[in-house]
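Here our numbering runs 54 ahead of the position in the sequence shown, where the first position is 1. Glycine included, every Cβ here is placed at the ideal spot set by N, Cα and C. This report refers to the structure that appears directly beneath it.
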Amino acid sequence: MDASNLGLAVLDPACESYIQIQFDDEEKLLIDKVGSGHDEFSINVREHLCIAIALWSWGSKWSAQANGHTIHVKCWSDNAAAVTWCNRMHSNNAFSQEINRAIGLAEVYLNLRVSADHIPGSANWMADAASRAWTEPYIARSTIFSSCWVQTQENLHRLLESLQSESLATTSKIKYASTWTQWCRWCERLQFAKWLPEDRRQHSYQLALFTTYCWKYGWGKSGSGNSASTVLSKVSHIAWHHRRTLGYNVGLLPGHQLAITGMRRKDPSSKPKSPVTSAILKCLHELLDFAVAQHRVIWGGLRCWASSFF
Numbered sequence: 055m056d057a058s059n060l061g062l063a064v065l066d067p068a069c070e071s072y073i074q075i076q077f078d079d080e081e082k083l084l085i086d087k088v089g090s091g092h093d094e095f096s097i098n099v100r101e102h103l104c105i106a107i108a109l110w111s112w113g114s115k116w117s118a119q120a121n122g123h124t125i126h127v128k129c130w131s132d133n134a135a136a137v138t139w140c141n142r143m144h145s146n147n148a149f150s151q152e153i154n155r156a157i158g159l160a161e162v163y164l165n166l167r168v169s170a171d172h173i174p175g176s177a178n179w180m181a182d183a184a185s186r187a188w189t190e191p192y193i194a195r196s197t198i199f200s201s202c203w204v205q206t207q208e209n210l211h212r213l214l215e216s217l218q219s220e221s222l223a224t225t226s227k228i229k230y231a232s233t234w235t236q237w238c239r240w241c242e243r244l245q246f247a248k249w250l251p252e253d254r255r256q257h258s259y260q261l262a263l264f265t266t267y268c269w270k271y272g273w274g275k276s277g278s279g280n281s282a283s284t285v286l287s288k289v290s291h292i293a294w295h296h297r298r299t300l301g302y303n304v305g306l307l308p309g310h311q312l313a314i315t316g317m318r319r320k321d322p323s324s325k326p327k328s329p330v331t332s333a334i335l336k337c338l339h340e341l342l343d344f345a346v347a348q349h350r351v352i353w354g355g356l357r358c359w360a361s362s363f364f
């Protein structure tokens, strides 16, 4: 597999099939911004994306051929960063974090395991030519295999959106969509923008107001407020929508997070604890055998613990 400024390509020589995608104008604009503080669609990310595209394009076929057995998919790339990000399932790049989520989901959903290894660029000439096949001399080079291999058609935007959507479990999608609807209606009611700026200092207060509203009043006909844990979940739902659409995270500043701590203290206990009474201690005393050293230690610990309450 390989990527360039023009497109990307993934080859499966065993099946004589390949994926070839040409970047559109919007994607090329993102590429032009690389190096000027915008590294969302850097060459490392594009090479990393090849792995996710291969899994979701061919994974169903591989899984069916495995007859229920877990299969190992080995990816070869001449980009060291993409290899590392895939093997460690970790990256500081927001786009690549989404890609790793898509890779992880494919492993679970399609019952496969993925690893990546490095291949020298000089040995990766077929994929290199396919990722640049819209200009010479790469057109001629890529036709060596493309004339007799089967091409898997993919729309990059559609596939990327699908991968981002699949980062959520099916049961979670309804909850995330419900929270987003609540957020949009609340913002519209107060004439706030639903899309928050990237700087947390500029958006944390708006999020804090929303959490306070949900904790106090909740949402729906019941009129009862949400618990602190539910409120915190709603913040993560809103953050996910921003990551998916705008490519950055949103959240609460430390000062506003104190409100969540206050909500937890105000929330009623889900499991009220009964007080320790002298009758309980008397019952425990009667059950212990003080001829046993371990029982004497237990009673001593109970006395020390109970004395702190009286």
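- Gln205 carries a strand assignment under DSSP once its states are collapsed to helix, strand and coil.
- Under the three-pair Cβ rule at 8 Å, the segment 244-260 does not count as touching the segment 269-288.
- For Lys270, the enclosing alpha helix (DSSP H) has its first and last residue at Arg254 to Tyr271.
- Between Gly61 and Ser185, the beta carbon gap of about 5 Å places them in contact (Cβ cut-off 8 Å).
- Trp249 is not a Cβ neighbour of Ile292, given a cutoff of 7 Å.
- For Ile292, no beta strand (DSSP E) segment is defined; the enclosing uninterrupted segment is the alpha helix (DSSP H) at Ala282 to Leu300.
- For His310, the enclosing alpha helix (DSSP H) covers residues Pro308 to Lys320.
- Three or more Cβ pairs closer than 8 Å define a contact, and the segment 109-119 meets that threshold against the segment 154-171.
- Membership of Ala345 in any beta strand (DSSP E) is not indicated, and neither H nor E is assigned to it by DSSP.
- Counting of Cβ neighbours within 10 angstroms places Gln245 among the exposed residues, the total staying below 16.
- Nearest neighbour of Ala135 by Cα position, chosen from Ile125, Leu164, Ser232 and Asp171, turns out to be Asp171.
- Burial is judged here by how many other beta carbons sit within 10 angstroms of a residue's own beta carbon; Gln74 has at least 16 and is buried.
- In this structure, the beta-carbon distance from Val99 to Asn147 falls below 7 Å.
- When rounded, the separation of the alpha-carbon atoms in Asp132 and Ile173 is 5 Å.
- Looking at Leu164, Ala120 and Val168, the one whose alpha-carbon comes closest to that of Cys140 is Val168.
- Its chain contains no residue whose beta carbon lies nearer than 7 Å to that of Ser283 once the 5 sequence neighbours on both sides are disregarded.
- In the structure shown, Gly355 adopts helical secondary structure according to DSSP, grouped into three states.
- Between the alpha carbons of Ser226 and Phe344 lies a distance of about 54 Å.
- Unbroken alpha helix (DSSP H) runs of no fewer than 4 residues, entirely contained in the segment 131-188, are found at 134-142, 148-164 and 179-184, following chain order.
- Looking at the DSSP output, Ile73 bridges to Val64 and Thr206.
- Taking C-beta atoms as the reference points, Ser71 and Trp179 fail to come closer than 7 Å.
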